[in-house]
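Colleague: Below is one structure. I have some questions about it.
Protein chains: 2
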Amino acid sequence: MQHTFATDLTSALYTDMYQLSMAHSHFNYNRHNEQVAFDYFYRKQPYNGGFAVFSGLGEVLMLLQEFKFSSNDIDWLHNTGFKEEFLEFLRGFRFRGTVYSMREGEVVFPQEPLVRVQGNLVEAQLVETVLLNYLNFQSLIATKAARIKLVARGATLSEFGLRRAQGLGGMQATRAAITGGFTSTSNVLGAKVYGVPAVGTIAHSYIQSYKEELAAFRDFAKVNPQGCVLLVDTYDTLKSGVPNAITVAKEMEQQGHKLMGIRLDSGDLAYLAKQARQQLDAAGLSYVKIVVSNQLDEHIVKSLFDQGAPIDIFGVGTSLVTGKPDAALDGVYKLSMANNEPRLKLSENIKKTTLPGLKQVYRYHDSAGNFIADAVALDGECAPAMIQHPYEPDKSMQLKGYQSEPLLQPVMQHGSLLMKPTPILEVADYAASRLSRLTDEYKRFENPHIYKVGLSKKLYDLRTELRNKYKKDSL
Amino acid sequence: MQHTFATDLTSALYTDMYQLSMAHSHFNYNRHNEQVAFDYFYRKQPYNGGFAVFSGLGEVLMLLQEFKFSSNDIDWLHNTGFKEEFLEFLRGFRFRGTVYSMREGEVVFPQEPLVRVQGNLVEAQLVETVLLNYLNFQSLIATKAARIKLVARGATLSEFGLRRAQGLGGMQATRAAITGGFTSTSNVLGAKVYGVPAVGTIAHSYIQSYKEELAAFRDFAKVNPQGCVLLVDTYDTLKSGVPNAITVAKEMEQQGHKLMGIRLDSGDLAYLAKQARQQLDAAGLSYVKIVVSNQLDEHIVKSLFDQGAPIDIFGVGTSLVTGKPDAALDGVYKLSMANNEPRLKLSENIKKTTLPGLKQVYRYHDSAGNFIADAVALDGECAPAMIQHPYEPDKSMQLKGYQSEPLLQPVMQHGSLLMKPTPILEVADYAASRLSRLTDEYKRFENPHIYKVGLSKKLYDLRTELRNKYKKDSL
Numbered sequence: 382m383q384h385t386f387a388t389d390l391t392s393a394l395y396t397d398m399y400q401l402s403m404a405h406s407h408f409n410y411n412r413h414n415e416q417v418a419f420d421y422f423y424r425k426q427p428y429n430g431g432f433a434v435f436s437g438l439g440e441v442l443m444l445l446q447e448f449k450f451s452s453n454d455i456d457w458l459h460n461t462g463f464k465e466e467f468l469e470f471l472r473g474f475r476f477r478g479t480v481y482s483m484r485e486g487e488v489v490f491p492q493e494p495l496v497r498v499q500g501n502l503v504e505a506q507l508v509e510t511v512l513l514n515y516l517n518f519q520s521l522i523a524t525k526a527a528r529i530k531l532v533a534r535g536a537t538l539s540e541f542g543l544r545r546a547q548g549l550g551g552m553q554a555t556r557a558a559i560t561g562g563f564t565s566t567s568n569v570l571g572a573k574v575y576g577v578p579a580v581g582t583i584a585h586s587y588i589q590s591y592k593e594e595l596a597a598f599r600d601f602a603k604v605n606p607q608g609c610v611l612l613v614d615t616y617d618t619l620k621s622g623v624p625n626a627i628t629v630a631k632e633m634e635q636q637g638h639k640l641m642g643i644r645l646d647s648g649d650l651a652y653l654a655k656q657a658r659q660q661l662d663a664a665g666l667s668y669v670k671i672v673v674s675n676q677l678d679e680h681i682v683k684s685l686f687d688q689g690a691p692i693d694i695f696g697v698g699t700s701l702v703t704g705k706p707d708a709a710l711d712g713v714y715k716l717s718m719a720n721n722e723p724r725l726k727l728s729e730n731i732k733k734t735t736l737p738g739l740k741q742v743y744r745y746h747d748s749a750g751n752f753i754a755d756a757v758a759l760d761g762e763c764a765p766a767m768i769q770h771p772y773e774p775d776k777s778m779q780l781k782g783y784q785s786e787p788l789l790q791p792v793m794q795h796g797s798l799l800m801k802p803t804p805i806l807e808v809a810d811y812a813a814s815r816l817s818r819l820t821d822e823y824k825r826f827e828n829p830h831i832y833k834v835g836l837s838k839k840l841y842d843l844r845t846e847l848r849n850k851y852k853k854d855s856l
Numbered sequence: 382m383q384h385t386f387a388t389d390l391t392s393a394l395y396t397d398m399y400q401l402s403m404a405h406s407h408f409n410y411n412r413h414n415e416q417v418a419f420d421y422f423y424r425k426q427p428y429n430g431g432f433a434v435f436s437g438l439g440e441v442l443m444l445l446q447e448f449k450f451s452s453n454d455i456d457w458l459h460n461t462g463f464k465e466e467f468l469e470f471l472r473g474f475r476f477r478g479t480v481y482s483m484r485e486g487e488v489v490f491p492q493e494p495l496v497r498v499q500g501n502l503v504e505a506q507l508v509e510t511v512l513l514n515y516l517n518f519q520s521l522i523a524t525k526a527a528r529i530k531l532v533a534r535g536a537t538l539s540e541f542g543l544r545r546a547q548g549l550g551g552m553q554a555t556r557a558a559i560t561g562g563f564t565s566t567s568n569v570l571g572a573k574v575y576g577v578p579a580v581g582t583i584a585h586s587y588i589q590s591y592k593e594e595l596a597a598f599r600d601f602a603k604v605n606p607q608g609c610v611l612l613v614d615t616y617d618t619l620k621s622g623v624p625n626a627i628t629v630a631k632e633m634e635q636q637g638h639k640l641m642g643i644r645l646d647s648g649d650l651a652y653l654a655k656q657a658r659q660q661l662d663a664a665g666l667s668y669v670k671i672v673v674s675n676q677l678d679e680h681i682v683k684s685l686f687d688q689g690a691p692i693d694i695f696g697v698g699t700s701l702v703t704g705k706p707d708a709a710l711d712g713v714y715k716l717s718m719a720n721n722e723p724r725l726k727l728s729e730n731i732k733k734t735t736l737p738g739l740k741q742v743y744r745y746h747d748s749a750g751n752f753i754a755d756a757v758a759l760d761g762e763c764a765p766a767m768i769q770h771p772y773e774p775d776k777s778m779q780l781k782g783y784q785s786e787p788l789l790q791p792v793m794q795h796g797s798l799l800m801k802p803t804p805i806l807e808v809a810d811y812a813a814s815r816l817s818r819l820t821d822e823y824k825r826f827e828n829p830h831i832y833k834v835g836l837s838k839k840l841y842d843l844r845t846e847l848r849n850k851y852k853k854d855s856l
């Protein structure tokens with residue numbers, strides 16, 4: 382028995398068993414070279430919101446390049462009942478498929494394909510699990526981060542969640558938080574891997590390890606004259622913590638230094654921030670910043686500002702890194718082509734019937750650059766001038782005169798990356814620039830406007846045709 | 382810039398920045414060898430339930446043995462403003478502390494220490510983040526798994542969650558699900574690492590890759606004569622899927638094989654399971670099992686059985702592996718001793734004031750072996766014959782005549798493991814045996830009985846004394 386962190390997490394065993402069982406069957410019938418296409422999409426906006434931020438692509442692409450079975454993996458698979466020839470085939474397995482994708486950081490909507498994987502039946506199927514695992518989670522967290530940023534009024538946002546994150550997923554939570562607009566993290570390994578600042582102050586235990594709070598503050602400030610943030614709520618925030626921080630700030634001034642901030646981590650943050658600000662300002666310390674942490678989310682950040690709390694920096698943990706209250710994005714990966722024929726998955730519920738064929742997504746914007754609607758069309762179609770409502774046959778929308786851009790671009794061809802990985806801070810910039818083009822009514826928390834994603838007539842008709850055909854066949 | 386999975390996740394950089402900032406300060410004042418103790422405990426039962434299952438210890442202990450900074454880590458830390466001597470100290474850093482812990486799989490309750498870490502200020506603080514990250518998440522998931530098992534009436538439970546898990550945390554979710562009573566997983570790498578069976582059937586895409594459902598079933602069954610489970614809801618469960626599965630099962634019988642089961646993954650599972658069971662039984666296939674999946678949790682599993690659904694195997698995904706709706710356990714790590722003096726963290730709220738000193742937890746049971754109450758006592762005390770309510774001075778409980786056992790045992794001494802890691806299936810057995818000794822009223826989902834965790838009089842008095850002292854000091 383090994384342990385998780387001593388395991389090669391890039392192994393192609395990071396998949397669901399049925400992917401291997403199906404591959405085994407396809408191999409047995411010599412169908413493993415049949416060409417297929419799958420779409421990655423999701424059905425419901427997280428947090429009852431009006432948008433999501435697509436995240437995780439960079440990691441998926443790096444992984445697809447590494448995705449293989451080690452000799453040790455193959456040895457282990459000998460105990461699972463697969464035929465020897467199939468295991469030999471797996472020994473040589475590499476992902477050599479072609480991938481089209483939206484740019485990482487794109488603002489995205491339900492039902493539209495975000496990634497399209499084309500390849501043989503085995504490779505396209507084996508990567509399903511890891512693709513869903515990475516994209517679902519990171520998109521969930523990047524979206525949460527973006528929602529917090531929307532109401533942060535320019536305040537600095539730091540990710541503080543590693544201790545409450547879902548195990549090793551905490552690393553990817555840091556990555557996604559940066560994508561959505563956080564600019565630093567408490568997670569030191571995350572800071573190293575993703576190239577962002579690691580930040581942190583002191584814990585209550587540091588102060589408790591001294592006999593007196595003032596002595597603890599003094600010692601810490603002396604060692605950290607730059608970027609010093611003092612935690613002021615260990616004993617009594619307004620009677621002890623803030624006055625002691627003021628004493629130390631004044632002493633720092635005499636040494637030519639400036640206290641960077643104080644941190645509030647408990648109690649009524651709105652009230653305490655206002656009172657602390659008054660005390661600091663009265664002492665001539667208007668430059669000292671107020672940092673708050675403790676069970677924050679987008680609703681609390683918004684409420685703190687609505688109450689007029691003078692907060693400069695937010696440290697956000699649990700809700701951000703676990704994507705509360707959703708905890709998961711419902712992204713799926715569905716077959717759209719096999720043997721050059723478009724396929725769909727029927728459902729009693731038309732909303733769960735999938736969109737057949739190779740597809741492109743066009744985004745339309747007005748002259749100010751604001752996003753108007755998205756069209757899902759068949760690959761090769763130009764941007765349609767009219768889109769159909771996906772479920773209501775009588776509803777359509779004219780898009781004549783709007784400019785459009787195709788969102789799905791080739792990112793990997795026959796297993797080779799077509800571009801260098803995008804640094805995560807560039808991804809974050811892209812997400813911010815795209816979000817700025819989505820108007821406020823789509824971004825509000827309560828009953829957001831629903832962004833229109835329609836189908837081209839050709840795609841709509843193809844779906845209808847295939848539904849009718851499959852329904853007849855299955856009777 | 383690297384990527385998450387290409388990173389050594391055992392690095393001591395897997396911590397919060399403030400742990401390093403505090404260590405830097407302690408080192409600077411030559412306090413880094415001061416001896417301290419910390420307790421790991423949590424405050425609130427997950428899922429509004431009456432118990433939790435302690436999980437993740439095995440991984441924490443393995444990690445503590447590996448926990449160090451690589452040369453590359455130290456090089457990177459040069460950019461973070463720490464002094465050269467401190468970085469040299471970190472270069473030689475190893476965890477050499479002593480750890481007391483409850484057994485992994487123990488049934489546990491709020492406020493009582495589950496783990497005690499004793500060591501110097503630096504080592505005890507640096508491991509806080511990873512300890513919380515591993516234990517909070519795995520205990521959350523093991524508890525969810527145990528809750529599902531409670532209502533599963535002996536049905537087989539498989540973990541199916543990797544695609545919706547929180548990134549790499551999905552690996553640890555598999556481990557914790559096993560701890561709580563699941564016996565197999567769809568996660569192939571998890572199966573390999575943790576030594577449990579990998580299970581899986583087929584996806585809708587497999588059936589869609591054929592022109593006809595029956596042909597798909599036939600081909601799959603031929604390659605998988607053992608353990609074959611057919612997914613029957615791609616087109617129409619009762620009109621197409623189940624009849625086709627029956628045809629294939631009859632054909633398998635002629636080859637001397639038996640279809641293992643059918644899987645329902647959509648629709649009204651209670652209704653479909655009953656109807657499918659009738660069709661199978663009418664065809665003389667009473668041995669064919671019914672497997673269900675699709676958005677299950679403990680409440681749905683319970684409801685399915687309450688409705689009389691004849692289900693043999695449950696595949697549980699999202700809710701299990703993300704610990705919905707909680708998504709995080711609120712476990713914390715608090716200083717209890719420094720320089721041989723007991724410490725506590727004050728709070729306006731007595732419930733958030735921590736328990737000072739080195740402590741032991743005693744569990745009492747009646748003559749039938751059922752758990753009665755736990756006592757938190759000072760280390761060295763015998764099991765007290767009476768416990769105090771932790772917050773209500775007038776309430777106490779007599780425990781005379783009950784047998785007791787100490788729950789905290791040494792597991793690591795000066796950085797060396799005192800025992801071999803426990804295989805995860807043994808941990809699961811222990812969890813099951815302990816849960817069987819907790820009576821039903823603590824295990825029900827609605828308003829469970831609150832298990833009594835009291836304090837010894839000595840501990841109660843010590844907390845009172847320190848509270849009064851600190852309060853006076855801070856005024």
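Protein sequence lines correspond, in order, to chains A and B.
Heads up: the first sequence begins at 382 in my numbering, then just goes up one per residue.
Heads up: the second sequence begins at 382 in my numbering, then just goes up one per residue.
Glycine included, each C-beta is placed from N, C-alpha and C at the ideal position.
Going by beta-carbon coordinates alone, are A:Y841 and A:F432 separated by less than 8 angstroms?
Modeller: No.
Colleague: How would you call B:N605, buried or exposed, if buried means at least 16 neighbouring beta carbons within 10 angstroms?
Modeller: Its Cβ being crowded by 16 or more others within 10 Å, B:N605 is buried.
Colleague: From the DSSP output, in three-state form, read off B:L640 for me.
Modeller: Three-state result, B:L640: coil.
Colleague: If I follow the unbroken beta strand (DSSP E) through B:I768, where does it start and stop?
Modeller: 767-769 is the extent of the beta strand (DSSP E) around B:I768.
Colleague: What I want to know is whether the C-beta of B:K670 ends up closer than 7 angstroms to one or more non-hydrogen atoms of the ligand COA.
Modeller: Ligands are entirely absent from the displayed structure, and the ligand COA is therefore not among its contents.
Colleague: Have a look at B:L856 and A:E594 and give me their C-alpha separation to the nearest angstrom.
Modeller: Residue confidence is low: B:L856 scores 48 on pLDDT, short of 50, so the model does not pin down where it sits. Its coordinate-derived value is still stated next. Straight-line Cα distance between these residues: approximately 12 angstroms.
Colleague: Go through its chain and collect everything with a Cβ distance to B:V742's Cβ below 6 angstroms, but skip five positions before and after it.
Modeller: Hits under 6 angstroms: E493, D755, V757, L788, L789.
Colleague: Along chain B, which residues have their Cβ under 7 angstroms away from the Cβ of A:K705?
Modeller: Here the neighbours are A708.
Colleague: Where does A:Y716 fall in DSSP's three states?
Modeller: The residue you asked about is not Tyr; residue 716 of chain A is Leu in the sequence shown. Reduced to three states, the DSSP call for A:L716 is strand.
Colleague: Quick check on DSSP: helix, strand or coil for B:N501?
Modeller: The answer is strand: DSSP assigns B:N501 an E or B state.
Colleague: Nearest chain A C-beta to B:L859 closer than 8 angstroms, yes or no?
Modeller: Residue 859 of chain B is absent from the model: chain B starts at 382 and stops at 856.
Colleague: Among A:V682, A:M483, A:A690, A:T461, which one has its Cα closest to the Cα of A:Y811?
Modeller: Per the Cα distances, A:M483.
Colleague: DSSP puts B:L798 in a beta bridge; with which residues?
Modeller: For B:L798, which the question treats as bridged, DSSP gives the partners B:M793.
Colleague: I need the boundaries of the alpha helix (DSSP H) containing A:K449, first residue and last residue.
Modeller: Per DSSP, A:K449 belongs to no alpha helix (DSSP H) and is neither H nor E.
Colleague: Name the residue from A:L836, A:G535, A:T566, A:V488 whose alpha carbon lies nearest to the alpha carbon of A:V697.
Modeller: Answer by Cα proximity: A:T566.
Colleague: Taking the alpha-carbon positions, what's the B:Y851 to A:A651 distance?
Modeller: Between B:Y851 and A:A651, the C-alpha separation is close to 26 angstroms.
Colleague: My guess is that A:L523 and A:M718 are in contact by the Cβ rule of under 8 angstroms, so how many angstroms apart are they, rounded?
Modeller: The displayed chain sequence assigns Ala, not Leu, to residue 523 of chain A. The Cβ separation is near 29 angstroms, so there is no contact.
Colleague: Check the C-beta distance from A:Y481 over to A:R497 and give it rounded, since I have them as a contact under 8 angstroms.
Modeller: Yes, they are in contact, since the Cβ atoms of A:Y481 and A:R497 sit about 4 angstroms apart, within 8 angstroms.
Colleague: On the criterion of 16 or more Cβ atoms from any shown chain inside 10 Å, does B:Y399 qualify as buried, or is it exposed?
Modeller: Buried, by the Cβ-count rule.
Colleague: When the distance is taken between beta carbons, is B:Q656 closer than 8 angstroms to B:L619?
Modeller: Yes, the Cβ-Cβ distance between B:L619 and B:Q656 is below 8 angstroms.
Colleague: What does a CB cutoff of less than 6 angstroms around B:T385 pick up in its chain, not counting 5 residues either side in sequence?
Modeller: Around B:T385: no qualifying Cβ.
Colleague: Please list, in chain order, the residues of the stretch 415-433 of chain B that have any C-beta partner in chain E closer than 9 angstroms.
Modeller: The question asks about chain E, but that chain is absent: this structure's protein chains are A and B.
Colleague: Please confirm if A:G866 has its CB atom under 8 angstroms from at least one CB of chain B.
Modeller: Because chain A spans 382 through 856 in this model, residue 866 of chain A falls outside it and cannot be assessed.
Colleague: For B:N568, write down the residues that DSSP places opposite it in a beta bridge.
Modeller: Paired residues: A:D397.
Colleague: Any idea what DSSP makes of A:Y428, helix, strand or coil?
Modeller: Helix at A:Y428.
Colleague: List the whole-angstrom C-beta distance separating A:L640 from A:A630, where the pair is believed to meet the contact cut-off of C-beta under 8 angstroms.
Modeller: Going by Cβ atoms, the distance from A:L640 to A:A630 rounds to 4 angstroms, so yes, they are a contact pair.
Colleague: Starting from A:Q607, trace the beta strand (DSSP E) both ways and give me its first and last residue.
Modeller: It is not in any beta strand (DSSP E) - A:Q607 carries neither H nor E in the DSSP assignment.
Colleague: For B:M382, which residues in the same chain have their Cβ closer than 7 angstroms to its Cβ, ignoring the five residues on either side in sequence?
Modeller: With a pLDDT of 49 at B:M382, under the threshold of 50, the predicted position of this residue should be treated as unreliable, and no value is reported.
Colleague: Just verifying my parser: in three-state terms, what is the DSSP assignment at A:R744?
Modeller: Three-state DSSP puts A:R744 in a strand.
Colleague: I need the straight-line Cα distance from B:D804 to B:G486, nearest angstrom please.
Modeller: Checking the displayed sequence, the identity of residue 804 of chain B turns out to be Pro instead of Asp. Computed Cα separation, rounded: 11 angstroms.
Colleague: Write down every uninterrupted run of the beta strand (DSSP E) in the stretch 674-733 of chain B whose length is 3 residues or greater and which is fully enclosed by it, in chain order.
Modeller: Fully enclosed beta strand (DSSP E) runs of 3 or longer: 694-697, 713-719.
Colleague: Is the Cβ of A:S590 closer than 8 angstroms to any Cβ of chain B?
Modeller: At least one chain B Cβ lies under 8 angstroms of A:S590.
Colleague: Which first and last residues belong to the beta strand (DSSP E) in which B:K833 is found?
Modeller: 833-836 is the extent of the beta strand (DSSP E) around B:K833.
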